[in-house]
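To start, the structure itself, in structure tokens.
Number of protein chains: 4
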Amino acid sequence: MFFASDNWAGAHTAINERLMRESIRFAAAYGTSDLDRAIEQRFNEIFEREVAVFFVATGTAANSLALASVERPGGVVFAHSEAHVIEDECGAPDFFSGMRMIPVEGAEGKINPLNLKARMARYPQTAVHHGRAAAITITQATEVGSIYSLDEIQVVSDIAKAEGLPLHMDGARFANALVALDATPAEMTWKRDVDILSFGGTKNGCWCAEAIVFFDPAMAKELPFIRKRAAQLFSKSRFIAAQFEAYLKDDLWLELAGHANAMADRLREGLRASNTARLAWPTQSNEVFTVLPKEMMKAAQEKGAKFYDWLEPRDMPEPVGDDEALIRLVTSFATTAEDVDAFLSAIA
Amino acid sequence: MFFASDNWAGAHTAINERLMRESIRFAAAYGTSDLDRAIEQRFNEIFEREVAVFFVATGTAANSLALASVERPGGVVFAHSEAHVIEDECGAPDFFSGMRMIPVEGAEGKINPLNLKARMARYPQTAVHHGRAAAITITQATEVGSIYSLDEIQVVSDIAKAEGLPLHMDGARFANALVALDATPAEMTWKRDVDILSFGGTKNGCWCAEAIVFFDPAMAKELPFIRKRAAQLFSKSRFIAAQFEAYLKDDLWLELAGHANAMADRLREGLRASNTARLAWPTQSNEVFTVLPKEMMKAAQEKGAKFYDWLEPRDMPEPVGDDEALIRLVTSFATTAEDVDAFLSAIA
Amino acid sequence: MFFASDNWAGAHTAINERLMRESIRFAAAYGTSDLDRAIEQRFNEIFEREVAVFFVATGTAANSLALASVERPGGVVFAHSEAHVIEDECGAPDFFSGMRMIPVEGAEGKINPLNLKARMARYPQTAVHHGRAAAITITQATEVGSIYSLDEIQVVSDIAKAEGLPLHMDGARFANALVALDATPAEMTWKRDVDILSFGGTKNGCWCAEAIVFFDPAMAKELPFIRKRAAQLFSKSRFIAAQFEAYLKDDLWLELAGHANAMADRLREGLRASNTARLAWPTQSNEVFTVLPKEMMKAAQEKGAKFYDWLEPRDMPEPVGDDEALIRLVTSFATTAEDVDAFLSAIA
Amino acid sequence: MFFASDNWAGAHTAINERLMRESIRFAAAYGTSDLDRAIEQRFNEIFEREVAVFFVATGTAANSLALASVERPGGVVFAHSEAHVIEDECGAPDFFSGMRMIPVEGAEGKINPLNLKARMARYPQTAVHHGRAAAITITQATEVGSIYSLDEIQVVSDIAKAEGLPLHMDGARFANALVALDATPAEMTWKRDVDILSFGGTKNGCWCAEAIVFFDPAMAKELPFIRKRAAQLFSKSRFIAAQFEAYLKDDLWLELAGHANAMADRLREGLRASNTARLAWPTQSNEVFTVLPKEMMKAAQEKGAKFYDWLEPRDMPEPVGDDEALIRLVTSFATTAEDVDAFLSAIA
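Residue numbers (this note's numbering), protein chains in the order written: chain Z, 168 to 515; chain V, 168 to 515; chain S, 168 to 515; chain X, 168 to 515.
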């Protein structure tokens, strides 16, 4: 019953096997091998256009270097107030980009367009004292399990484009969102005017595979230097490439995300049917938030369930009672139906 | 005939197998798993004292964050003029530490103590305008295949201690040096007053396993934040831990380094016996530098040998002739005697 | 009728005359002259204890370097949401300190202690992912003309001390606050556990005189390097010292601030007596915010009055009407009663 | 007998008087006043083309922000090994630009073009590991009193242009060089393909007046933000402008530099005629380096002469003897013939 995070899971067999095959050969280092080249080509296919791809060690690195690539002195970056770049990266985005992250409120983890415009109005391009708008970043799927619809992405893009700002997408759970929307990678990104993507594989079955994807390669021309200076250029880069090869082959990545999402559906269904627990807010990806009596939470923990308490957000539809707890449950490629059912039983 | 670099090799079977076992289980993320804890304990044993250990993605990260941990405003760091932190890291050490790297000359890739003292004299602790000495870093084994003897390390340490400076060791090829000196890890580090070590596993059979080791854990108290802010905290950190477990088990790491060194010995012997090629300078680790006629170099390349040209250093005992080339040959855990012999034949 | 800002005023005669006398002599550069030493001593007297003083070029520099001196990796700094460090310094505090400024709400420009505690609770010292509390900064007088009472300062200090955090005070208008409170410099700072002060002279009659004051000199030991590296060490530092000498002599600074405050009182009184304009919120220092019909605002502008529109804050006691404008009026040492009366007539 | 540095002098009367006139009026802050605009226009006239001008607090700021404006990730900047940016700015250029300063040797404080090319060859634009050439900076007049001829500037410019690099000139003693060469500001800068100039007034009669001048205003578009974020935007910016107005009016600046140079000539002449002292190397600006018996040096000091010892450079034409001292003597607008003669007597 491991629901603490999708990064508590291990790595998928197909990915391991690919790594094994990779390990017995020699190849050029620092991202210059044929395999690196081939995987970059693979990303072109996945995204139906020529893209520039850079492997890095962590999702934090992907986000931070993506934002560093659009750095402007005195610039600020708009992100949802609960975004990973604001809440969970120890200031790395500010450190690497030299820009301040500006929180924007919005229900269900999604930037509210009106709030975004209001915040941006304070940071015009001439604002030497105040600072100026330099980029917008959204998270797909969000930190709280929701998903921007394609239209919702476009609304944010339009705001970005109207101000000439690049739009970044934190796709730590990109595959989960993609499957939930039944969209293509192109549809969920550059066809909605997303400029840069943090493409995460680690939470979905790789053990370490994160990439920054630029939909306009010209925007990436400084990235090789930004990445190396950030100590993010692996010597054995091809082991990242190998993971991505297996990950993207025969739609494995979509299959794994589909499984994780299905397990979350099963959880949601069980919680909806529960007499005591309730869904904290609607979610569509592999994250489920539930409010349940504290004693039930403890009961589940005693039976070995792993999950995190969650801070009650301002905009809870129905507040958390004194005897209740708000918890986050995350499913992954490795979650089984038995685990889900065991958890549901544990809190029944 | 892959002699371009030891990071062109893959990963050792024992390490792969350990990764496979790790991949099928769940465990806590971000370095908090039992395995992470166990490996930290293992480092204590290896170094015969309580140390603080931090896994990072690359050797550049290990060096840069080690230096960041001893950051002082206006500080400068003394390194050999050919050191990786100066020549090969795209300014990452400066970027992360906020300090300038000051090159110190010295024969065979080793800091000359007299030069070091002379350089340091320009950077006293009161030098607000000039900048002040903040750290010294040495590379063991060096970039050009030589090794500091234990006494030579102590000489540099004494200079550092006399000025109250921390001493860092870049141990990207730590195991190769250790085996060549037949010393213990403790003898080559803290017993010679080394304060911080970049402990590299990637070049010696891991696919990605680098660690920063603090011999005084009190010096490491900011490192968790420095590392996270640097985007170097792996969510699936335990996959690094797993590599180190296999690497350090039953002295595998020493065995692999011993093999690489032995292959280099075989190369050196062959080159010494050669009528045309000659050793550029004496080396003791898994790097060999040879001067040979350009046409022989091309012949070897045409037969598939991989290696790098090398820039002629100032202090070559015997200059490189116009028709000659200076090349670097690096052996690894995966180099075979057949490869070595094939290369020797190719240039015969 | 110059009410745009107190930094639109020139420099006081006594300060100019002191600069003239300074200009005809030679003296040691970079803050090492006898005059620099003497003024440092003068600060000791003003603050009734040994302090460490550093002159810098701007208030932004004073704030930024003060915060840089308490830098911690992954640290965050709490400031009122309208504080200069957040709104008006183009990210300089983040740039120099490497820390993110976290806005805390509070009425009348003052940090609300409950909000502060709530924000701080999110940043415990162990929060590697989230970031950790590193400092608190308050502005005295605030950006919106209010003043923390001595007790209110103590409340914030107590919160800071309970978490072991340093407390910084942005004193760009320190003298105005001091006079309004009729307190001593010591009472308004270290006796209320303020650790570091940005001591501003520029807005109160100097043309360029800003200082960072550390009440515990031991906290300042890195500042000489931080300042020099920040390009803030004047070669002719003694011209700053000379300004401070005249400024602090015979209580000139208090006299000038007293005048500015009195002019603001006269404005407030006139506005209160006005039939049409009203005070936007209570203020005690040399800033006055008033709501008046837009046509009156224009009338005043046409008669030559200079002032700034102001963005309506969330917590306005009485909202600004559609036909009304919210404006800021700042008085200074150079404001005359005639100017004030002319403005009041202009809007009558 | 103040020969320690030209920044030990005070400020010229005409500049003081202009400051006095400025002090009694109100004007817009932060560089937006009419006077700021007028002085920018004045720079256009001085340089015979449209330039972009930015006032800053110190020469270190001018150099650092000039280099920050041409920042490239992983970039390096080439400077003479004795340049102020390398020796005297506590790492500020690295801090603000994020780039490493690479020392280039050359006789008499001037970059040797062959050495420059050799150094640059190590930093091609594709050098992700090594770092890439991003800018070149020269100092005019140099730190050791010499001056680049117009042709010598062009030689360096040509090397810069061939690699597509911007060329910066540190003109802390720009006027002294200009007068010595009898060239126009245009001839010594953009007509020799200099792109950015640190234009210093402080060492030549202002008390604080430094400017960054861009000969192509398009290169300056980020500078307003870079400057503000660097805490270098004065609120009472017009007091810098006022100094420059007086400084540039009726060729005062050239007259002051001419006087300083003439005083240096007088010194040189006296030293050449001396039996015991000798000129250490030829100089043309307001700096003179002399070797004299230690006892004479002490005699001069006892009579009140102020000057600095100097570290013996590698390439001294005639080495400094054990009983000798190498000292630097700097003249300024405020140096008198009596001072010079008194010094010459003191060492006779």
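C-beta atoms are modelled at their ideal positions from N, C-alpha and C, and glycine is treated no differently. No experiment lies behind these values; they were computed from the predicted model shown.
Short check: CB of residue i to CB of residue j, under 8 angstroms?
i: residue 407 of chain Z; j: residue 401 of chain Z; result: yes
i: residue 438 of chain X; j: residue 457 of chain X; result: yes
i: residue 434 of chain V; j: residue 507 of chain V; result: yes
i: residue 252 of chain V; j: residue 266 of chain V; result: no
i: residue 337 of chain S; j: residue 230 of chain S; result: yes
i: residue 280 of chain Z; j: residue 326 of chain Z; result: yes
i: residue 410 of chain X; j: residue 186 of chain X; result: yes
i: residue 403 of chain Z; j: residue 174 of chain V; result: yes
What separation, rounded to the nearest whole angstrom, lies between the Cα atoms of residue i and residue j?
i: residue 493 of chain S; j: residue 261 of chain S; result: 30 angstroms
i: residue 416 of chain Z; j: residue 342 of chain Z; result: 14 angstroms
i: residue 356 of chain S; j: residue 233 of chain S; result: 15 angstroms
i: residue 372 of chain X; j: residue 423 of chain X; result: 7 angstroms
i: residue 566 of chain V; j: residue 179 of chain V; result: Residue 566 of chain V cannot be examined here, being either before or after the span of chain V that is shown, 168 to 515.
i: residue 498 of chain X; j: residue 443 of chain X; result: 21 angstroms
i: residue 320 of chain Z; j: residue 298 of chain Z; result: 25 angstroms
i: residue 263 of chain Z; j: residue 278 of chain X; result: 33 angstroms
i: residue 196 of chain X; j: residue 273 of chain V; result: 55 angstroms
i: residue 445 of chain X; j: residue 482 of chain X; result: 16 angstroms
i: residue 310 of chain X; j: residue 292 of chain X; result: 30 angstroms
i: residue 495 of chain V; j: residue 464 of chain V; result: 11 angstroms
i: residue 426 of chain S; j: residue 461 of chain S; result: 29 angstroms
i: residue 339 of chain X; j: residue 377 of chain X; result: 8 angstroms
i: residue 502 of chain V; j: residue 509 of chain V; result: 12 angstroms
i: residue 211 of chain Z; j: residue 324 of chain X; result: 42 angstroms
i: residue 484 of chain Z; j: residue 477 of chain Z; result: 15 angstroms
i: residue 271 of chain V; j: residue 344 of chain X; result: 34 angstroms
i: residue 177 of chain V; j: residue 198 of chain V; result: 25 angstroms
i: residue 474 of chain S; j: residue 236 of chain Z; result: 39 angstroms
i: residue 447 of chain X; j: residue 206 of chain S; result: 39 angstroms
Comparing alpha-carbon positions, which option in the options lies nearest residue i?
i: residue 217 of chain X; options: X/320, X/268, X/353; result: X/353
i: residue 397 of chain S; options: V/182, V/240, V/365, V/376; result: V/240
i: residue 169 of chain V; options: Z/483, Z/191, Z/175; result: Z/191
i: residue 330 of chain V; options: V/310, V/429, V/286; result: V/286
i: residue 405 of chain Z; options: Z/194, Z/249, Z/213; result: Z/194
i: residue 366 of chain V; options: V/276, V/175, V/224; result: V/224
i: residue 214 of chain Z; options: Z/500, Z/363, Z/460; result: Z/363
i: residue 453 of chain X; options: X/428, X/491, X/375, X/466; result: X/428
i: residue 387 of chain V; options: V/337, V/189, V/333, V/410; result: V/333
i: residue 295 of chain X; options: Z/250, Z/491, Z/395, Z/436; result: Z/395
i: residue 307 of chain S; options: S/413, S/249, S/284; result: S/249
Considering residue i, what are the terminal residues of the alpha helix (DSSP H) in which it resides?
i: residue 189 of chain Z; result: 180-190
i: residue 409 of chain X; result: 405-415
Determine the extent of the beta strand (DSSP E) in which residue i is found, giving its start and end residues.
i: residue 495 of chain Z; result: 491-497
i: residue 219 of chain X; result: 219-223
Any heavy atom of the ligand GDP closer than 7 angstroms to the beta-carbon of residue i?
i: residue 220 of chain Z; result: For the structure depicted, the ligand GDP is absent and the ligand set is empty, with no information on it obtainable.
Problem - At least 3 beta-carbon pairs within less than 8 angstroms: the segment 334-351 of chain V vs the segment 254-272 of chain V - result: no
Practice task
Evaluate contact between the segment 379-393 of chain S and the segment 217-228 of chain S, counting only Cβ atoms and requiring at least three cross-stretch pairs below 8 angstroms.
Solution key: yes
Exercise for the section: Take every Cβ of the segment 244-255 of chain S, pair it with every Cβ of the segment 289-307 of chain S, and state whether three or more of those distances are shorter than 8 angstroms. Expected result: Per the Cβ contact rule, the segment 244-255 of chain S is in contact with the segment 289-307 of chain S (3 or more Cβ pairs under 8 angstroms).
Practice task
For the segment 456-472 of chain Z and the segment 505-513 of chain Z, state whether three or more C-beta atom pairs, one from each stretch, are separated by less than 8 angstroms.
Solution key: yes
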